[in-house]
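Read top to bottom, the protein sequences are chains A and B. All residue numbers for the first sequence refer to the working numbering, where the first residue is 16 and numbers rise by one. All residue numbers for the second sequence refer to the working numbering, where the first residue is 3 and numbers rise by one. All C-beta atoms, glycine included, are put in the ideal place defined by N, C-alpha and C. Right, one structure below, let's go through it.
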Amino acid sequence: MQNRDQSEAELTLAPRSDPGHEHEAALIGRIQSGERELFYELIRPYERRVFVIAFTILRNEADAEDAAQDAFLKAFKYLAQFRSESRFSTWLIQVAINEARLRQRKSHLEIMRPIVDQENEDGTYTPRDFTDWREIPSEALERKEIREKLVEALGSLAQKYREVFVLRDVEHMSIEDTALALGISAGAVKTRLLRARLMLRDLLSPGLEGVWTGHSQIPKGTKPWS
Amino acid sequence: MDGSFPDSKGDKTMVVKCEDVWPEISNYFEGDLDPALKLAMEEHFAHCAHCSSVRDGMRNVIGLYGDKAMFPLPVGFYPRLHDRLADQVEGRKISRRDWLVSVGVTGALAASAICAAALDRFVPRPLSEMSQPARRLPERLVAIVDGGKKFHVPGCPFMHGKYHMVTPEEAVREGYTPCTRCMRDALRSAGNVTPDFEGEERASSATLEE
Numbered sequence: 016m017q018n019r020d021q022s023e024a025e026l027t028l029a030p031r032s033d034p035g036h037e038h039e040a041a042l043i044g045r046i047q048s049g050e051r052e053l054f055y056e057l058i059r060p061y062e063r064r065v066f067v068i069a070f071t072i073l074r075n076e077a078d079a080e081d082a083a084q085d086a087f088l089k090a091f092k093y094l095a096q097f098r099s100e101s102r103f104s105t106w107l108i109q110v111a112i113n114e115a116r117l118r119q120r121k122s123h124l125e126i127m128r129p130i131v132d133q134e135n136e137d138g139t140y141t142p143r144d145f146t147d148w149r150e151i152p153s154e155a156l157e158r159k160e161i162r163e164k165l166v167e168a169l170g171s172l173a174q175k176y177r178e179v180f181v182l183r184d185v186e187h188m189s190i191e192d193t194a195l196a197l198g199i200s201a202g203a204v205k206t207r208l209l210r211a212r213l214m215l216r217d218l219l220s221p222g223l224e225g226v227w228t229g230h231s232q233i234p235k236g237t238k239p240w241s
Numbered sequence: 003m004d005g006s007f008p009d010s011k012g013d014k015t016m017v018v019k020c021e022d023v024w025p026e027i028s029n030y031f032e033g034d035l036d037p038a039l040k041l042a043m044e045e046h047f048a049h050c051a052h053c054s055s056v057r058d059g060m061r062n063v064i065g066l067y068g069d070k071a072m073f074p075l076p077v078g079f080y081p082r083l084h085d086r087l088a089d090q091v092e093g094r095k096i097s098r099r100d101w102l103v104s105v106g107v108t109g110a111l112a113a114s115a116i117c118a119a120a121l122d123r124f125v126p127r128p129l130s131e132m133s134q135p136a137r138r139l140p141e142r143l144v145a146i147v148d149g150g151k152k153f154h155v156p157g158c159p160f161m162h163g164k165y166h167m168v169t170p171e172e173a174v175r176e177g178y179t180p181c182t183r184c185m186r187d188a189l190r191s192a193g194n195v196t197p198d199f200e201g202e203e204r205a206s207s208a209t210l211e212e
């Protein structure tokens, strides 16, 4: 147990914001008026986000890059259909998610669903009780093998949890924007986010000397929280 | 673990159990909790090792995955993306770099054409044989009578019989000698009278050649 004395401010996640809505609306207007090259400026803050969400769904770097490129192309093609009352970033993420899901269906990746896909999100979830909890320091992310293990843990979650977790906790989108992007309610986002965070906590809590450096302590085909 | 503990002030205004904490622990990090519930949960964390490890583990998860180092972009991602977008975003136009290259090449070609045209004005191009101006005929051809040994100015009264015309150089080269009568005047008028001619003139002065 660590950091119990951390302040409330540290424990509570800071509000997250997107780039200025008005600036984006002005950019979009100019692009539609013929200044097409401003599209690069418009998408620059979201290039990484689009790739990451595509990677979350496809779980393959090359496929994710292709999907991200296709998403940007479609966004440019259908920019006229964008309604300025919503955030461009949310609309763009919707395009990216649709593109990645389409590619996923084409490649039949949905057949390889993680076992947790069948988990009922409405059911109660009991976090595992680790008597020897160990924090993974952020410096560990400098090691590629550690990052790969973390990506592997995320990839073991059902897609519906991965999507919510990545948009909220990786890309820092708000609950409302995450709900809009995924076409689900804010309540569903919160429920899935709770489940995703708890599952990842259970997978990570043994620490780097546990599941990350050796064989998984979780028997294949079983659920660690059951 | 039972979370029925008094709060820090000793008031039992709200008591939560582990089962109450777990569903709300994500909202705890979102800052989306009723203040009373939040206070009760913090009191619970102070006494419950399991729930505090869940809280700390979740904080670790959020911190790790929220780090930008977690999902680095593939090397070359941006150039590949912009190359892919260039055709659509910039229409059928070529890229700025290609545009500069094409302008440079076009300019160089135009400059070469201009230079070639200018040179053409000052350096005469060879013309075909038919377009050449007629060669200037020698100012004076000489006549050689068939079978004779001298060459004459055409119309010389000392010529008899058939003759053909040659240049004076050809006549000299072939061993013919000038007629002392007709050729003397012609050569003098041209300033080309040589002493030999004068001597020859003396040797044959009274002799009719033909």
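**Asked** For A/W106 and chain B, any beta-carbon pair shorter than 8 Å?
**Response** So no, A/W106 is outside the interface.
Using DSSP bridges, identify the partner residues of B/V147.
Per DSSP, B/Y165.
Quick one: Cα of A/R120 to Cα of A/A69, how far?
Cα-Cα distance, rounded: 13 Å.
Cβ pair B/V56, A/R216 closer than 8 Å
Yes.
_Contact between the region 157–166 of chain A and the region 182–191 of chain A (3+ Cβ pairs under 8 Å)_ = Contact between the region 157–166 of chain A and the region 182–191 of chain A is absent, because fewer than three Cβ pairs lie under 8 Å.
- CA-to-CA distance, B/S114 to B/G106, given in whole angstroms: So the alpha carbons of these two residues sit roughly 12 Å apart.
| Mind pulling the chain A residues with CB within less than 7 Å of B/M43? | Residues of chain A whose Cβ lies closer than 7 Å to the Cβ of B/M43 do not exist, since the nearest Cβ in that chain is about 10 Å away.
- Task: Could you tell me if B/V77 is buried or exposed, where buried requires 16 or more neighbouring beta carbons within 10 angstroms of its beta carbon?
- Result: Exposed: under 16 other Cβ atoms inside 10 Å.
ask   = So which of B/G93, B/A48, B/P180 and B/L41 has the shortest CA-CA distance to B/E171?
value = Of B/G93, B/A48, B/P180 and B/L41, the smallest CA-CA separation from B/E171 is found for B/P180.
To the nearest whole angstrom, what separates the beta carbons of A/A196 and A/I112, a pair I think is in contact under 8 Å?
-> Confirmed, Cβ separation roughly 7 Å.
- Query: Is A/E37 buried or exposed, if buried means 16 or more other CB atoms sit within 10 Å of its CB?
  - Reply: When all chains shown are included, A/E37 counts as exposed.
Inset, instruction - Give a yes or no on whether the C-beta atoms belonging to A/E150 and B/N62 are separated by under 8 Å. - result: In contact: A/E150 and B/N62 (Cβ atoms closer than 8 Å).
(message) Here's a check: name, in chain order, each residue in its chain whose Cβ is nearer than 6 Å to the Cβ of A/R64, leaving out the five neighbours to either side.
(response) Once the five neighbours on either side are set aside, the close Cβ partners of A/R64 are E186.
| message | If I follow the unbroken beta strand (DSSP E) through A/H187, where does it start and stop? | response | Here A/H187 belongs to no beta strand (DSSP E), and DSSP marks it neither H nor E.
For B/M72, decide whether its Cβ has a neighbour in chain A, counting only Cβ atoms nearer than 8 Å.
At a cut-off of 8 Å, the C-beta of B/M72 has a neighbouring C-beta in chain A.
Bridge partner(s) assigned by DSSP for B/T179
Beta-bridge pairing links B/T179 to B/K152.
(message) Do A/S220 and A/F145 have their beta-carbon atoms positioned less than 8 Å apart in this structure?
(response) Closer than 8 Å, so yes.
Cβ pair B/L87, A/L88 closer than 8 Å: Cβ distance < 8 Å, so B/L87 and A/L88 count as in contact.
Quick one: residues in its chain with C-beta nearer than 6 Å to the C-beta of A/S99, no 5 flanking neighbours on either side, listed in chain order? The answer, listed in chain order, is A40.
Nearest CA to the CA of A/K164: which residue from B/V147, B/I146, B/V144 and B/L66? Comparing Cα positions, the closest option is B/L66.
Discussion item. Measuring only the C-alpha atoms, how far is B/G68 from B/A110?
Written reply: When rounded, the distance between both Cα atoms is 54 Å.
- prompt: In chain order, what residues of the same chain lie with their CB nearer than 7 Å to the CB of B/M43, ignoring the 5 residues before and after it?
  reply: Spatial neighbours of B/M43 in its own chain (CB-CB distance under 7 Å, excluding positions within 5 residues in sequence) are listed in chain order as V18, V23, E26 and Y30.
- Item | Nearest neighbour of A/Y140, chosen from A/P60, A/A95, A/R51 and A/T206 [CA to CA] | When only C-alpha atoms are compared, the closest one is A/T206.
Which bits of chain B does A/Q84 rub up against, with CB to CB less than 9 Å? Those within 9 Å of A/Q84 in chain B are R82, L83, R86 and L87.
Going by the beta-carbon positions, is the gap between A/F180 and A/A211 smaller than 8 Å? Cβ distance < 8 Å, so A/F180 and A/A211 count as in contact.
Q: Classify A/E154 as buried or exposed, calling it buried when 16 or more other Cβ atoms lie within 10 Å of its own Cβ.
A: By the beta-carbon neighbour count (other beta carbons within 10 angstroms, threshold 16), A/E154 is exposed.
Identify, in the order they occur along the chain, each residue of the same chain with its Cβ nearer than 8 Å to the Cβ of A/R177, setting aside the five sequence neighbours on each side.
-> Excluding positions up to five away in sequence, the list reads T71, I72, L169, G170 and A211.
Taking CB distances under 8 Å as the criterion, tell me whether A/D78 reaches chain B.
Closer than 8 Å: no.
- Query: What did DSSP end up calling A/A82 once you bin it into helix, strand or coil?
  - Reply: Three-state result, A/A82: helix.
Let me check understanding here. Comparing Cα to Cα, which of A/A115, A/Y93 and A/E50 lies closest to A/A77? Out of A/A115, A/Y93 and A/E50, the CA that lies nearest to the CA of A/A77 is found in A/A115.
is_contact[A/Y55, chain B] using C-beta, thresh 8 Å:
Chain B contact via Cβ: present.
Note to self: Beta-carbon within less than 7 Å of A/T193's beta-carbon, same chain only, minus the 5 sequence neighbours each way: which residues are those?
What the structure shows: Answer for A/T193: V179, L182, R183 and V204, listed in chain order.
**Prompt:** When DSSP labels each residue in this structure, what does A/I199 get in the three-state scheme?
**Reply:** Residue state, collapsed to three classes: coil.
Under the three-state reduction of DSSP, which class applies to B/C20: helix, strand or coil? Correct three-state label for B/C20: helix.
request  = Whole angstroms is fine: what's the gap from A/P152's alpha carbon to B/L75's?
outcome  = Each residue's Cα considered, the two are about 21 Å apart.
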